[in-house]
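In my numbering, the protein residues as written are 3 to 485.
For each residue, glycine too, the CB sits at the ideal point set by N, CA and C.
Below is one structure, written out as structure tokens; comments come after it.
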């Protein structure tokens, strides 16, 4: 009996001990959740509440440590949004909850509305931290060349209209108009410029005095400074001039009159009525020549698509084939730019020194004079190639300056001559005491122009005394590419 009692006590204690351990185990495994305080709407300036993910925290349906919180976007997904190059993946913060543990969770939504939920934001409800940080969705550009200029809609229509803010740079940014076509002729003033920080695309804020409701942000590629390029589908025809490999230029025939079949009846000038006559053809060709001026391309009025222009309807975009001109070499005209007053300058041609005459006088220093061999006389470098381009195409002053500096024309020199003393320009009278000198010409500017015409370079000058010229005179100085 005693043995039986001991056995019963043993089994009873064992069962009690097992139950106690189980109870402790159950209590220890129960998850401890935080509780969230009341929801508060953020009331600070909405544009100051643009944020981006840091990638360190996930997005939840509730504050992440509260019971029942489910993942909306994983930590990995938030990391992708953090490194995104799309403005649509920025967030707007608009609410906040704080847990009993002091953790702040912000209510956020992506700019495109795809993701919405709570994300850990640090320990303060007045500063973003943890899983989000403040973001500048655009970068202001105060030095853009178009600020203050008058511009026009380049292709009035439904694409690239004005917005309250560049798309996705502010939450719920909206279009101001569904189409800019009704405002095709309006003059717009650029007052601000900004780039989308992630995409790098440039936007302008344009003001429309005629229709203020149109004013807003527009993609820079959708405006033009040339009123002649602005395209109104209701009244215009757009023309692309192309060669075999590229579009050379484009133009717009504006405010056209149409006949009863709605066909183009005149390109420019006086309307010619219903029939397509020689006047319309002449007007079209004159307009085409204007569009191609300076491109180096020509249009053949008898080409296969020549009739397309006169057959075009308003709103059409047509293509005309053009032919590239021949490559030509422009003669170089070198000039000394002599300043005669604060506002007026004169240009005196620099001519190549005559090797025969110079060398004939070289044995007598008193005959190598400033007037004969230094004043506006240079030893021209011999070039391996000329300044060349397509006949009729324009070149800029930068183009010509670059060519000059790359081809020994940045600095020019006269041959050596002799003077009586330093500072003098008159001839030396005593060969034994004659002082050598030369004139140094430094490129100051270059004129823009057209390939095939003279290319003009302008130099300033200074007389250098006490040493011989860096260049020597020979029969081979210069060649036929100089004017």
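Mind checking residue i: buried by the 16 CB within 10 Å criterion, or exposed?
i           : result
residue 105 : buried
residue 65  : buried
residue 54  : buried
residue 482 : exposed
residue 348 : exposed
residue 73  : exposed
residue 35  : exposed
residue 156 : buried
residue 288 : exposed
residue 29  : With a pLDDT of 37 at residue 29, under the threshold of 50, the modelled position of this residue cannot be trusted, and the question is left open.
residue 471 : buried
residue 467 : exposed
residue 391 : buried
residue 214 : exposed
residue 296 : exposed
residue 59  : buried
residue 94  : buried
residue 351 : exposed
residue 487 : Outside the shown range of the chain, which is 3 to 485, sits residue 487, and nothing can be said about it.
residue 76  : exposed
residue 43  : exposed
May I ask you to list the residues that DSSP assigns as paired with residue i?
i           : result
residue 296 : 395
residue 351 : 337
residue 390 : 331
residue 326 : 299
residue 319 : 240
residue 471 : Paired residue(s): none; residue 471 is not in a bridge.
residue 380 : 354
residue 173 : Note: residue 173 sits in no beta bridge, so no partner.
residue 125 : DSSP, once it has assigned bridges, lists no residue as partnering residue 125.
Residue i lies in the beta strand (DSSP E); which residues open and close that run?
i           : result
residue 445 : 437-448
residue 95  : 93-100
residue 112 : 106-112
residue 193 : 190-198
residue 210 : 204-210
residue 461 : 457-467
residue 118 : 118-122
residue 142 : 140-142
residue 476 : Neither: residue 476 is in no beta strand (DSSP E) and is coded neither H nor E.
residue 253 : 249-255
residue 52  : 52-55
residue 367 : Note, residue 367: premise wrong, no beta strand (DSSP E); not H, not E.
Out of the options, which one is the CA nearest neighbour of residue i?
i           : options               : result
residue 201 : 141, 401 and 41       : 141
residue 374 : 333, 430 and 423      : 430
residue 174 : 382, 44, 92 and 137   : 92
residue 489 : 239, 245, 317 and 315 : This structure cannot settle anything about residue 489, because the visible part of the chain is limited to 3 through 485.
residue 164 : 138, 225 and 463      : 225
residue 424 : 416, 389 and 465      : 465
residue 339 : 327, 445 and 369      : 445
residue 203 : 227, 171 and 229      : 171
residue 147 : 126, 132 and 196      : 196
residue 120 : 113, 472, 138 and 96  : 96
residue 322 : 370, 249, 102 and 386 : 249
residue 70  : 99, 84, 88 and 37     : 37
residue 188 : 75, 61 and 216        : 216
residue 426 : 460, 411, 372 and 473 : 372
residue 100 : 350, 40, 149 and 60   : 40
residue 328 : 421, 337 and 300      : 300
residue 114 : 52, 107, 135 and 67   : 52
residue 324 : 353, 337 and 293      : 293
Take residue i and list the residues in its own chain whose beta-carbon comes closer than 7 Å to its own, dropping the five residues that flank it on each side.
i           : result
residue 357 : 475, 476, 477 and 479
residue 469 : 438
residue 454 : 330, 332, 393 and 394
residue 221 : 162, 203 and 205
Looking at the secondary structure, which residues open and close the alpha helix (DSSP H) in which residue i lies?
i           : result
residue 154 : Here residue 154 belongs to no alpha helix (DSSP H); instead the beta strand (DSSP E) covers 152-155.
residue 79  : 77-84
residue 371 : Taken as a continuous stretch (DSSP letters only), residue 371 belongs to no alpha helix (DSSP H), as it is neither H nor E.
residue 359 : 357-363
Among residues of its own chain, excluding the 5 on either side of residue i, which ones have a beta-carbon nearer than 6 Å to its beta-carbon?
i           : result
residue 335 : 456, 458 and 485
residue 27  : Any answer about residue 27 is weak, because its pLDDT of 36 lies below 50 and its placement is not dependable; what the coordinates show is given next. So no residue of the chain qualifies.
residue 450 : 398 and 399
residue 403 : 448
residue 190 : 153, 208 and 210
residue 388 : 331 and 483
residue 280 : Annotation note: pLDDT 47 at residue 280 (below 50); position unreliable, coordinate value reported separately. Closer than 6 Å at the Cβ level, and outside the excluded window around residue 280, lies no residue.
residue 277 : Its pLDDT being 39, under 50, residue 277 is placed unreliably by the model, and nothing is read from it.
residue 369 : 363
Residues in the same chain with beta-carbon distance under 8 Å from residue i, minus the five sequence neighbours each way, listed in chain order, please.
i           : result
residue 239 : 254, 255, 258, 266, 311, 314, 315, 316, 317, 318, 319 and 320
residue 159 : 181, 182, 183 and 235
residue 355 : 375, 379, 380, 381, 416, 417, 475 and 479
residue 135 : 53, 54 and 56
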